[in-house]
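Engineer: Residue numbers (our numbering), protein chains in the order written: chain A, 1 to 254; chain B, 1 to 254; chain C, 1 to 328; chain D, 1 to 286; chain E, 1 to 286. Just so you know, even glycine gets a beta-carbon here, dropped at the ideal spot from N, CA and C.
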Amino acid sequence: MTTAVTEAPAAVTLSGVSKVYGRGGTAVRALDQVSLAAAPGEFTCLIGASGCGKSTLLSLVAGLDQPTSGEIKVGGRVALMFQEPALFPWLSAAANIELALRARGVGRAERKSRAAELLDVVHLSGFGGKRPHELSGGMRQRVALARALAQEADVLLMDEPFGALDAMTRDLLHDELDRVCAGRNLTVLFVTHNVREAVRLGDRVVLLSSRPGRVIAEYPVPIQRPRRIDATAVAELAGTITDRLREEVSRHGK
Amino acid sequence: MTTAVTEAPAAVTLSGVSKVYGRGGTAVRALDQVSLAAAPGEFTCLIGASGCGKSTLLSLVAGLDQPTSGEIKVGGRVALMFQEPALFPWLSAAANIELALRARGVGRAERKSRAAELLDVVHLSGFGGKRPHELSGGMRQRVALARALAQEADVLLMDEPFGALDAMTRDLLHDELDRVCAGRNLTVLFVTHNVREAVRLGDRVVLLSSRPGRVIAEYPVPIQRPRRIDATAVAELAGTITDRLREEVSRHGK
Amino acid sequence: SSASSSSSSGATSGGATQAAATPVTVRLGFLANITHAPALIALKNGYFSKALGSAGTVDPTSFSSGTQETTAILAGQLDAAFVGPNPAINAWQKSGGTAIKIVAGAATGGASIVVKPSITGASQLKGQSLATPSLGNTQDVALRYWLKQHGLTTSATGGGDVSIKPTTPNSAAVLEFESGQIAGASEPAPYDIEMVNDGGKVLLSEPGVTTVLMVTQSFLSAHPAVVADLLKAEIEAIDFIKTSPAAAQADANAELAAYTGKPLKASIVAASFKEIDFTLDPDASSLTADAQQAVSLGLLKPVNLSGIFDLAPLNALLSADGQPQVNS
Amino acid sequence: MASSTLAGLDALDTQEAAPRDRRRLAASAWAGLWPKLAAVALVLLAWELVHLTGWKKFVLPGPGVTLSNLWQQAQASLLWHAIATTLERAVIGFALAVLIGALVGATVSRIRPLRAAVGSLITGLQTMPSIAWFPFAIILFGINTTAILFVIVLGAAPSIANGLITGVDYTPPLLLKAGTLMGLRRLSLYRHLIMPASLPAFVAGLKQGWAFAWRSLMAGELLVIIANQPSLGVLLSTDQDQADMASVVAIMIVILVIGLCVDNVFGMADRAIRRRWGLMAGSDAA
Amino acid sequence: MASSTLAGLDALDTQEAAPRDRRRLAASAWAGLWPKLAAVALVLLAWELVHLTGWKKFVLPGPGVTLSNLWQQAQASLLWHAIATTLERAVIGFALAVLIGALVGATVSRIRPLRAAVGSLITGLQTMPSIAWFPFAIILFGINTTAILFVIVLGAAPSIANGLITGVDYTPPLLLKAGTLMGLRRLSLYRHLIMPASLPAFVAGLKQGWAFAWRSLMAGELLVIIANQPSLGVLLSTDQDQADMASVVAIMIVILVIGLCVDNVFGMADRAIRRRWGLMAGSDAA
Ligand SMILES: Nc1ncnc2c1ncn2[C@@H]1O[C@H](COP(=O)(O)OP(=O)(O)OP(=O)(O)O)[C@@H](O)[C@H]1O
Ligand SMILES: Nc1ncnc2c1ncn2[C@@H]1O[C@H](COP(=O)(O)OP(=O)(O)OP(=O)(O)O)[C@@H](O)[C@H]1O
Ligand SMILES: [Mg+2]
Ligand SMILES: [Mg+2]
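1. Can you tell me the Cα-Cα spacing of residue 6/E and residue 60/A, whole angstroms?
2. Interface residues of chain C around residue 240/E at Cβ under 7 Å?
3. Considering only DSSP beta bridges, list what residue 158/B is partnered with.
4. Going by DSSP, name the residue or residues bridged to residue 230/B.
5. Quick one: does residue 164/A have its CB under 8 Å from some CB of chain B?
6. Do we get a CB-CB distance below 8 Å when we pair residue 160/E with the residues of chain D?
7. Measuring straight from C-alpha to C-alpha, what distance separates residue 78/B and residue 183/D?
8. Can you tell me whether residue 145/C is helix, strand or coil according to DSSP?
9. So for residue 173/D, helix, strand or coil by DSSP?
10. Would you verify that the beta carbon of residue 169/D is, or is not, closer than 8 Å to some beta carbon of chain E?
11. Count the other CB atoms, across all protein chains shown, that sit within 10 Å of the CB of residue 248/A; report buried if there are 16 or more and exposed otherwise.
12. Which whole-angstrom value describes the C-beta separation of residue 166/A and residue 193/B, a residue pair presumed to lie in contact below a C-beta threshold of 8 Å?
13. Find the nearest neighbour of residue 67/C within the set 218/D, 237/D, 98/D, judged by alpha-carbon distance.
14. Anything in chain D within Cβ reach of residue 181/C, meaning under 8 Å, just list it in chain order.
15. Of all Cβ atoms in chain D, is any one closer than 8 Å to the Cβ of residue 190/A?
16. Measuring CB to CB, does residue 110/C end up less than 8 Å from residue 255/C?
17. Any beta carbon from chain E within less than 8 Å of residue 98/B's own beta carbon?
18. Would you say the beta carbon of residue 136/A is closer than 7 Å to some non-hydrogen atom of ligand 4?
19. Between the segment 237 to 250 of chain B and chain E, which residues of the former have CB atoms less than 7 Å from a CB of the latter, in chain order?
20. Per the DSSP calculation, residue 206/C is bridged to which residue(s)?
21. Using a C-beta cutoff of 8 Å, does residue 64/C count as contacting chain E?
22. Pick out the complete alpha helix (DSSP H) segments inside the segment 37 to 95 of chain B, 4 residues or longer, and give them in chain order.
23. Please list, in chain order, the residues of the segment 259 to 277 of chain C that have any C-beta partner in chain H closer than 7 Å.
24. Residue 250/D and residue 70/D: beta carbons closer than 8 Å?
25. Between which two residues does the alpha helix (DSSP H) containing residue 216/E stretch?
26. Quick one: what's got a C-beta closer than 7 Å to residue 228/C's C-beta in the same chain, skipping five residues either side?
27. Please identify the residue among 55/B, 222/B, 46/B, 115/B whose C-alpha is closest to the C-alpha of residue 137/A.
28. State yes or no: is the beta carbon of residue 82/E nearer than 8 Å to at least one beta carbon in chain C?
29. With a CB to CB cut of under 6 Å and the five nearest residues on each side skipped, what residues in its chain are close to residue 198/A?
30. Go ahead and label residue 211/E buried or exposed: buried means 16 or more other beta carbons lie within 10 angstroms of its beta carbon, across all protein chains shown.
31. Between residue 120/D and chain E, is any beta-carbon pair separated by less than 8 Å?
32. Does the beta carbon of residue 151/A sit closer than 8 Å to a beta carbon anywhere in chain D?
33. Counting only C-beta atoms, is residue 7/C closer than 8 Å to chain E at any point?
34. Nearest by alpha-carbon distance to residue 163/A: which of 150/B, 141/B, 68/B, 153/B is it?
35. Just verifying my parser: in three-state terms, what is the DSSP assignment at residue 62/E?
36. Count the other C-beta atoms from every protein chain shown that fall within 10 angstroms of the C-beta of residue 325/C, then say buried if there are 16 or more, exposed otherwise.
Below, the structure written as structure tokens:
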């Protein structure tokens, strides 16, 4: 796992990573020879069709599963925001966040105030006392985001973090995320279905092909920050990427 | 619950419906005096900020919960596609769909073929044998859609059904949904965060205010079908609605 | 089905002739226990079937406690049973004297108080703990009464001068004695023998009846001839014990093994047979004495035992055989 | 339409939508009470009817005799003393069993070779009848309360350990992954994630463990009889020995009532968990 | 980095990533076996050591004597006969208990007044020692195998019912809602939704039920002693009666081994469920 020697001190390196689930006739090849490197502090967005292996890729990077072949190197601590909220149902929203702080060794008093701060970041102040089942879908997702931020990892993996949010809330959180990334040298792998969102946030957009996932194109995003999602430059690049994606889909069949 | 006499034979009628969760100091007013009627065969899209009570509204209409005050009338059988996939983990994708058919009394042989057909509709043929945990997030959502369609209800309630799907797959499913609705006199209540999607699909778009949810505006969609999500007319109306939404959010706080 | 056959024929108080017409199944209870040797030997050697002939068959059931036999006989699940005197008294008392009759004895003696060798008299038992099989059973009453006679008090809850611990199963008492946790115990054979083998000393060989044969009154009145046949078989078994003790011991042990899986050590059986007097005499006086002792110790509600014995059938057989009569 | 859809769910709820006022509260208390009272009345009626037919009348006492027997016993101190002794032993033994069972369960579920080695042994031990342990109890501890506690612990600890192991096994892998990635390790992973996640199964295990503890205790009490310290196990067996069925049934009623009370405690814990987790439909209604 | 993150999870998995070839398969079988062998060896060693010190040597047999005793018993037919008798009773009794327990559990968990009325009673019954039922078994069934089965059912059915009720209580409300809206009603709701959803808790209940059944059986076998039909319960008590501690321990080993085998059956069922539900990490690896 750690034998590969890469020239650049990339925060995340995947070299020829494949992942096959199951075996025999029903085996599913989720990833096929994916090579990808993210420099420290880089914000990489991953885009691909449903079921192309994006979540699989993140879980491999997080070390939750082993690749069938290929190598993965990760420099630093990893936090993963799952596609589902994955909150602990027996803890309130605030306690969920506090637990992440506690695991990092943050003291009791500071935990309280940090959790309140983070709830504020995701626009949920006042909901700290609610349990996950008392929150709406989008609220749960935001608590999960706050929890992921609380881990203050070096590498942040995010799996469709804003999928269940309305456009306004999402825009606000885009700004917050920008702020967090600028403050620390955070490496982000960000999965989304929203091409504009990818362009709005990313330093680079990586396109994955449909099953099995393979890197088919990479687009650096040269647009100056701060960006707005409805900016023309964003729309233009998003259009280019969408066209490429559409082409890929039509080639690969539905 | 069934005392209200409405003049038009609406498929779904809500009159002055409020819903309060919990009580005392921590009570949350999720819906406030919502009145809404959907004619048989009408496709109504609901749009609102995260946590404004959309899911609550659907679960009240489905009869899964009782309103704190107000009345709800529903004509016909109801199917609800939850915000989470809510698939049965012990059944394969196909078996999940077949169970819905079975509950309707469809015979064994027909169940098999209908399930295969529905899997095809959601572009998942070949995945019928997989269990939910072997599917990606977007795939699960599509199986849930197939299962909801299998119920052949008179009123179909859908809670962000396409939130976890990439643009291409979503477009394909929009077309499928159009086809299904045209074929039967299906009344649909459709929750989404994507204003364009709402305009693409709906006969009418209803805007809900932030907590507590209240109807603040209704937009009929006069655009000729078949529609395309990137058509100018769709983009225009979506722009209008988004502006109104933005205004609402900015008035209601951060 | 056997229940109905016996009780329905009980309505017509017929004699041996009628019983011969419809074969009767005698549901017979006993304990898989050395003190029930006459039953074991009669079963092993087919004495019951021989005596009954075409009149019927015996359906034997082995129990692990006399209380269960009492329950079964009162519930109409048994017609006859070899039991200890206490369960018999219980069956009599619970039914207000309507359910059973004792028709014969089977064994007397065969229980003793065994203590540590250092103890030589009752006075040394003060402050010690002794085990018994269960509160109010024959050995329990005997021990308490003996202590009382020697001026030592006991109580049902284990208090008093000497602490009495009813201990189930009996083997636990043996183990407790062996590991030095009690000073002794009042136990029936073969447990008292085992304690002696473990270095204990017999302080008192308890006299008195140990096993009797009781039958239900309805069965007795319906099938007197069949009851006589049961008695014949028992007489034959006891004769066999008297005439060829070694063979009788082997037979009893073999039958015991059929129920418990494993035979006892031959030496233990021999020692037990030596200690027990197998006799048809139910020792009526000891039974009433036993009951009176229990009453005086507060372990039994006062009970009128007159009429509990019906020894006429036995005496008829004995006199026909030219043997001395037993009295109640 | 909508309300008919609810009928099925309704029957599954354990709690009605929370009442809005006092009258509703009383109504809900009554809703919990009347079925119990009805059940007791029904049982008594059936019992009395059977008794009136005279069926097995020598061995089956009627409800009248039994209840007056129970009443008399309740007047005297013996029964209360016995209940106190037995309950004290049960509580101490159960507490020990919980401690040991939880420790063993946590250790075994966590360390793979240990689980392979002794995992199955836990159920094996559970199937060992209490009576088999008597010789060891006597040899190791002598005739004192410790011997009883030994029998209780051997009876109850396995279920408690098994409950915990089941809970650990059924901890959702997603939460486990989330916890590990958060940096929860070893003890803190246990304390903050696995323990709470397995709480429902653990409580179920505790409930079963209590039953095992109690039954082992009933058997074990026959082993250790302490002067002037009556216990329910001894009372039950003495009454049986003396064929005093009215007293036997009276003691059984006492045991049943204690069992009911304990079940209610576990039931409360269970409902608290379910409410907390949002597993109880209707609990969120205004 | 990443691999260290896994260490915690790894220890929790019950199954390694599926081996890719024969050698790996053998290795995984070995991984399951060696801890068991090591545990047995360790116990024997400790036992022998205790024995060598001569501690309580009159009552505690050494492993040598015990194992040779077991070996001798295994040569004769008695032990096998006893095992066969006892196992047959256990299986029949358990099957009956499962039937009755599942029926009662399904009914009680579904009908609210019934649950309020008799829900707690189930645990109450569970705490009733087997010995208390003996008189009733005799009164109702006489002295035959039915009486034993009665005792087994009363011992085991409550846990099975309780397991099912727990399972029903912990059925995720979301799935319940989905099922009801689909139109699943009454029986079909049970069959297609609640039963499968409560399967894990039900299996846990079955496991506990087996332990209760077995222990009740061990006690109940003393109730009905049939000529030339030895049973483990009777053998155990006979050996105790005869103070034959080597045989006692030998029979205990037999009981333990049967318990282990049964646990393995339940373990397999449990793993099958968890694999099916995707609750077993590592099960999806290639
Ligand atoms: N545990 C598993 N067992 C078997 N197959 C799996 C498993 N997890 C994922 N897969 C398969 O791997 C493929 C990729 O899944 P993955 O979840 O990575 O997709 P994704 O790109 O995240 O899709 P989505 O956008 O829908 O979330 C899918 O075909 C899925 O069926
Ligand atoms: N079971 C519950 N108990 C308490 N409060 C609840 C419960 N369910 C929802 N709420 C509250 O009701 C409000 C509306 O929730 P709802 O799920 O209807 O929102 P939503 O519009 O669907 O949001 P989203 O777009 O994020 O899914 C939220 O403030 C939420 O906290
Ligand atoms: Mg995914
Ligand atoms: Mg929602």
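Structural biologist: Judging by the given coordinates:
1. For residue 6/E, the predicted model reports a pLDDT of 37, less than 50, meaning its position is unreliable and no value from the coordinates is stated.
2. 169, 171
3. 81/B, 190/B
4. Beta-bridge pairing links residue 230/B to no other residue.
5. yes
6. no
7. 44 Å
8. helix
9. helix
10. yes
11. buried
12. 4 Å
13. 237/D
14. 138, 142, 143
15. no
16. no
17. no
18. yes
19. none
20. 111/C
21. yes
22. 54 to 61
23. Of the protein chains in this structure, namely A, B, C, D and E, none is chain H.
24. yes
25. 199 to 220
26. 313, 317
27. 55/B
28. yes
29. 45, 47, 192, 205
30. buried
31. yes
32. yes
33. Bear in mind that the predicted position of residue 7/C carries a pLDDT of just 40, short of 50, making it unreliable; the figure below should be weighed with that in mind. Output row for residue 7/C: interface = no.
34. 141/B
35. coil
36. exposed
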